[in-house]
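Peer 1:
Residue numbers (my numbering): 608 to 897.
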């Protein structure tokens with residue numbers, strides 16, 4: 608979710624003036640770089656962090672595109688990013704040096720970013736938007752978006768995080784690749800009408816800023832229950848692809864103190880994994896139907 612800009616996007620472009628006039632944030636989006644078409648907004652943000660202006664000045668910078676030619680998701684997957692009135696955005700977050708114990712809390716950033724997106728989309732449409740651990744946004748069992756967080760260290764060794772957000776907003780469902788249509792949808796298709804991307808972004812950036820401020824100053828404890836209530840993975844039978852143990856199936860029981868998924872193993876392909884509680888921190892999770 609860089610490369611050089613090009614002219615592959617249609618005339619239906621994001622109304623940046625409307626977005627900026629509607630912003631009520633302190634920092635998020637106050638510096639905004641709009642590139643109608645780019646390879647990847649996350650790559651653009653990572654490159655931006657290496658500029659000599661310094662990481663503190665980059666905090667809250669938002670990079671937006673109408674389409675991406677090489678958008679990416681978790682685990683190296685491509686992210687389909689057509690010029691169809693969707694949202695492709697990356698937000699640069701540079702925690703203040705005084706932020707207490709920020710290291711152990713970094714794993715909560717994608718989860719609480721998803722919570723901000725859920726708040727925003729549910730608020731503007733009335734639709735129930737849930738979160739599939741760790742980074743997908745769902746309506747029912749269909750995906751409408753995802754989050755990719757990438758951590759980097761700048762030239763002066765300052766920690767920075769890029770929050771990449773891709774959301775299917777106004778695209779027609781039949782514009783999705785055929786192999787994705789059964790498991791994906793768009794907000795407009797579910798709401799029954801097109802949505803105002805500028806107003807969604809203004810609201811989302813405010814909610815995202817508020818969530819990150821709470822995390823960095825107070826820690827995750829005050830938001831864990833909120834995430835748990837809206838995490839559609841919990842209570843489900845899931846299959847998890849683990850590098851060291853192959854495919855493991857179990858019941859998703861809870862979210863751990865560091866944001867991990869606690870899985871009660873019910874199938875055991877390996878003698879090293881008895882029927883026990885497994886803490887999953889990085890894996891592909893599939894909800895099992897039926």
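Here a beta-carbon is modelled for each residue, glycine too, at the ideal position from N, C-alpha and C.
No experiment lies behind these values; they were computed from the predicted model shown.
#1: Could you pull out every residue in the same chain whose Cβ sits closer than 8 Å to the Cβ of residue 725, ignoring the five residues on either side in sequence?
#2: At what residues does the alpha helix (DSSP H) containing residue 771 begin and finish?
#3: How is residue 692 classed by DSSP in three states: helix, strand or coil?
#4: Using a threshold of 8 Å, state whether the C-beta atoms of residue 839 and residue 855 are closer than that.
#5: Let's test the definition: count the other Cβ atoms within 10 Å of the Cβ of residue 784 and tell me whether it reaches 16, buried, or not, exposed.
#6: Measuring CB atoms only, is the segment 809 to 821 touching the segment 620 to 639, in the sense that at least three cross pairs come out at less than 8 Å?
#7: Just the C-alpha distance for residue 872 and residue 720, rounded to the nearest angstrom, thanks.
#8: Which residues bound the beta strand (DSSP E) around residue 724?
#9: At a Cβ threshold of 8 Å, is residue 768 touching chain D?
#10: Which one of 829, 638 and 794 has the shortest CA to CA distance from residue 712?
#11: From what residue to what residue does the beta strand (DSSP E) around residue 656 run?
#12: In this structure, does DSSP put residue 637 in helix, strand or coil?
#13: Using 10 angstroms around the beta-carbon of residue 793, count the other beta-carbons present and answer buried if the total reaches 16, otherwise exposed.
Peer 2: On the basis of the coordinates in this document:
#1: Cβ within range, chain order: 736, 737, 738, 744 and 837.
#2: No alpha helix (DSSP H) holds residue 771; the beta strand (DSSP E) holding it covers 766 to 774.
#3: Here residue 692 sits in coil by DSSP.
#4: Their beta carbons are not under 8 Å apart, which means residue 839 does not touch residue 855 by this criterion.
#5: By the neighbour-count criterion, in which 16 or more other beta carbons inside 10 Å mark a residue as buried, residue 784 falls on the exposed side.
#6: The segment 809 to 821 vs the segment 620 to 639: in contact.
#7: A direct Cα-to-Cα measurement between residue 872 and residue 720 gives close to 28 Å.
#8: Residue 724 -> not in any beta strand (DSSP E); alpha helix (DSSP H) instead, spanning 716 to 732.
#9: No chain D appears in this structure, which consists of one protein chain only.
#10: Selection 829, 638 and 794 evaluated against residue 712 yields 829 as nearest (Cα-Cα).
#11: For residue 656, there is no enclosing beta strand (DSSP E), as DSSP marks it with neither H nor E.
#12: Here residue 637 sits in coil by DSSP.
#13: With a threshold of 16 other beta carbon atoms within 10 Å, residue 793 meets it and is buried.
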